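Student: First the structure, which I've put down as structure tokens, then a few questions once you've had a look.
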């Protein structure tokens with residue numbers, strides 16, 4: 260039986276890892292590789308395509324295919340729903356709705372969400388607890404022009420994130436990670452001191468060019484997001 | 260000409276997005292899909308495989324293929340080298356080596372890097388500037404048992420990250436994002452106040468099971484990591 264594309268890919272990767280194919284050097288051409296592996300050219304092509312997708316080699320129209328100088332390393336990070344995140348920690352999850360009201364969007368939010376003058380927003384504040392201790396403070400705005408049904412929805416039992424995921428499951432989003440000093444209000448909810456350094460993520464979500472929601476998630480002191488790559 | 264797997268994938272994705280195929284519902288089988296698209300079964304299979312890889316559908320041995328309830332969303336984030344990151348901001352990059360000395364690893368680091376009693380570590384402190392202003396403080400330890408050549412290397416012109424990437428290009432790593440209160444020393448380097456909330460990443464890098472390096476990167480006030488997904 261002939262060699263598989265996975266075996267070809269693993270063998271090329273081994274040569275790169277061990278330095279037989281140095282960073283920046285040209286890759287042998289696919290026809291020659293197919294001959295040396297005794298396989299079809301399509302098999303080599305698939306292996307090369309995956310190595311390019313993985314950021315290990317780069318294909319340039321004129322310069323040919325080369326081993327990358329600095330391999331592109333992608334982190335694949337799952338975007339969890341906070342309840343799932345807490346359950347995966349082995350803790351009991353509790354949700355509380357603090358506030359939910361439709362109000363005119365403040366100017367900073369209008370700019371941020373690209374809202375029009377007539378757009379109204381639903382402002383929600385929620386708390387998420389792990390084993391009874393504050394875990395995450397959620398401050399969310401939903402664009403009521405995009406999702407008018409949000410205004411009638413009851414968020415007292417299930418948080419807006421879960422509702423949004425089931426209502427508008429496919430969206431584009433931008434997420435940012437940063438540090439903030441706890442405001443007095445957030446410090447009170449998260450049981451820490453005003454000014455404490457807290458990890459915060461902001462997420463803006465669009466559906467077909469229209470902004471659906473903007474959320475600030477502020478985590479309890481010491482929270483970390485950890486990934487392997 | 261026959262329909263491509265990309266067109267099949269796009270059409271299925273459209274049906275899921277528009278709700279014709281609801282979250283949790285069973286996908287039609289591949290043979291039926293191939294008949295309805297007038298294409299080879301292999302074409303449908305490739306489209307389905309990519310949808311599964313993207314976390315849109317899930318394939319279970321007994322339950323068959325279904326539309327996922329909560330699509331898995333992966334962030335693909337590039338791990339940049341700080342000099343490239345600063346140049347991409349359109350700023351001038353400057354590097355400074357603050358300290359470089361071989362010393363016994365402190366206990367917390369021994370545990371963290373899984374060092375043996377006899378292992379020595381090279382401790383480096385570096386600063387990275389954007390247009391002359393402090394951008395990132397780097398506090399790095401390199402395991403000299405794994406990389407003895409680091410002790411003789413001159414890090415005064417080029418930072419240890421760039422050197423490591425070219426010396427040990429393929430590694431496993433764990434990265435974490437969190438917030439820290441600036442220590443007096445770091446505040447001094449980053450030109451902020453002690454206790455200010457700063458964004459920090461920690462990275463541990465292994466090669467074939469051996470820890471190569473552990474680094475804490477602390478960013479200037481207001482730094483954000485932003486991703487699309």
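Protein chains in written order, with the working numbering: chain A, 260 to 488; chain B, 260 to 488. Heads up, the beta-carbon is just placed ideally off N, CA and C, and yes, glycines get one too. The model shown is predicted, which means the values in this text are computed figures rather than measured ones.
1) For residue 483 of chain B, decide whether its Cβ has a neighbour in chain A, counting only Cβ atoms nearer than 8 Å.
2) Flag residue 282 of chain B as yes if its beta-carbon sits less than 8 Å from any beta-carbon of chain A, otherwise no.
3) If you draw a straight line from the alpha carbon of residue 445 of chain B to that of residue 461 of chain B, how long is it in whole angstroms?
4) For residue 294 of chain B, would you say it is in contact with chain A, using Cβ-to-Cβ distances shorter than 8 Å as the test?
5) Could you work out which residues of chain B lie near residue 487 of chain A, taking near to mean beta carbons separated by less than 9 Å?
6) Would you kindly report the start and end of the unbroken beta strand (DSSP E) that includes residue 475 of chain A?
7) Rounded to whole angstroms, how far is the Cβ of residue 386 of chain B from the Cβ of residue 448 of chain B, which I believe are closer than 8 Å?
8) If you reduce the DSSP assignment to three classes, tell me which class residue 309 of chain A lands in.
9) Please tell me whether residue 454 of chain B has its Cβ less than 8 Å away from any Cβ of chain A.
10) Skipping 5 residues on each side, what residues in its chain have a beta carbon closer than 7 Å to that of residue 420 of chain B?
11) Does any residue of chain B bring its CB to less than 8 Å from the CB of residue 396 of chain A?
12) Can you check which of these residues, A:388, A:442 and A:463, is closest to residue 454 of chain A by C-alpha distance?
13) Helix, strand or coil for residue 413 of chain B? Go by DSSP, reduced to three states.
14) Could you tell me whether the Cβ of residue 474 of chain B comes closer than 8 Å to any Cβ of chain A?
15) Would you mind working out which of B:294, B:373 and B:413 sits nearest residue 359 of chain B, comparing C-alpha positions?
16) State the CB to CB distance for the pair residue 400 of chain A and residue 381 of chain A, rounded to an integer number of angstroms; the pair is presumed to be in contact (CB under 8 Å).
17) What's the call for residue 426 of chain B, buried or exposed, on a 16-neighbour Cβ count within 10 Å?
18) Please decide whether residue 439 of chain B counts as near chain A, where near means a Cβ-Cβ distance under 8 Å.
19) With the cut-off set at 8 Å, would you say residue 314 of chain B and residue 285 of chain B are in Cβ contact?
20) Residue 457 of chain B touches chain D at which residues, Cβ-Cβ below 8 Å?
21) Who are the near neighbours of residue 310 of chain B in its chain, counting only those whose CB is closer than 8 Å to its CB and skipping five residues on each side?
22) Determine the contact status of residue 390 of chain B and residue 351 of chain B, defining contact as a CB-CB distance below 8 Å.
23) Beta strand (DSSP E) containing residue 355 of chain A: first to last residue?
24) Helix, strand or coil for residue 389 of chain A? Go by DSSP, reduced to three states.
25) Give every residue of the same chain whose Cβ lies closer than 8 Å to the Cβ of residue 408 of chain B, excluding the five residues on either side of it in the sequence, and list them in chain order.
26) Taking the alpha helix (DSSP H) that residue 372 of chain A falls in, what are its first and last residues?
27) Give the C-beta separation of residue 354 of chain B and residue 418 of chain B to the nearest angstrom, bearing in mind that I take them to be a contact with Cβ-Cβ under 8 Å.
28) Of the choices B:275, B:328, B:482 and B:264, whose alpha-carbon is the least far from that of residue 396 of chain B?
29) Terminal residues of the continuous beta strand (DSSP E) containing residue 444 of chain B?
30) Mind checking who residue 486 of chain A pairs with in its DSSP beta bridge?
31) If you follow the alpha helix (DSSP H) that residue 423 of chain A is in, where does it begin and where does it stop?
32) Measuring straight from C-alpha to C-alpha, what distance separates residue 470 of chain B and residue 300 of chain B?
33) How would you label residue 402 of chain B, buried or exposed, when you count the other beta carbons within 10 angstroms and need 16 or more for buried?
34) Taking C-alpha atoms, which residue in A:458, A:262 and A:415 lies nearest to residue 436 of chain A?
Tutor: Checking against the coordinates, here is how it stands:
1) For residue 483 of chain B, the answer is yes, since a Cβ of chain A falls inside 8 Å of its Cβ.
2) So yes, residue 282 of chain B belongs to the interface.
3) Going by the C-alpha atoms only, they are around 15 Å apart.
4) Not one chain A Cβ lies under 8 Å of residue 294 of chain B.
5) By Cβ distance, chain B contributes 431, 432, 433 and 434.
6) Residue 475 of chain A -> beta strand (DSSP E) spans 469 to 478.
7) Indeed, because the Cβ distance is near 6 Å, the residues count as touching under 8 Å.
8) If DSSP states are grouped into helix, strand and coil, residue 309 of chain A belongs with the helices.
9) Closer than 8 Å to some Cβ of chain A, the Cβ of residue 454 of chain B qualifies, so yes.
10) In the same chain as residue 420 of chain B, and ignoring 5 residues on each side of it, the C-beta atoms closer than 7 Å to its own belong to 340 and 341, in chain order.
11) It does not: the Cβ of residue 396 of chain A has no partner Cβ on chain B nearer than 8 Å.
12) With respect to the C-alpha of residue 454 of chain A, the residue from A:388, A:442 and A:463 having the closest C-alpha is A:442.
13) When secondary structure is reduced to three states using DSSP, residue 413 of chain B falls in the coil class, being assigned neither helix nor strand.
14) Answer no: the Cβ-Cβ gap between residue 474 of chain B and chain A never drops below 8 Å.
15) Closest in C-alpha terms to residue 359 of chain B, from the list B:294, B:373 and B:413, comes B:413.
16) Confirmed, about 7 Å.
17) Exposed: under 16 other Cβ atoms inside 10 Å.
18) By this cut-off, residue 439 of chain B is an interface position.
19) Contact: no.
20) Of the protein chains in this structure, namely A and B, none is chain D.
21) For residue 310 of chain B, where only same-chain residues beyond five positions count, the Cβ hits under 8 Å are 268, 271, 272 and 316.
22) It is a contact, given that the beta carbons lie within the stated cut-off.
23) From DSSP, the beta strand (DSSP E) with residue 355 of chain A extends over 352 to 363.
24) Strand at residue 389 of chain A.
25) Cβ within range, chain order: 426.
26) Going by DSSP, residue 372 of chain A is part of the alpha helix (DSSP H) stretching over 366 to 372.
27) Right, their Cβ atoms sit about 5 Å apart.
28) Of the listed residues, the one whose Cα sits closest to residue 396 of chain B is B:482.
29) Note, residue 444 of chain B: premise wrong, no beta strand (DSSP E); alpha helix (DSSP H) at 443 to 449.
30) Beta-bridge pairing by DSSP links residue 486 of chain A to B:434.
31) Per DSSP, residue 423 of chain A belongs to the alpha helix (DSSP H) from 419 to 426.
32) Cα-Cα distance, rounded: 46 Å.
33) So residue 402 of chain B counts as buried.
34) The candidate whose alpha carbon is nearest that of residue 436 of chain A is A:458.
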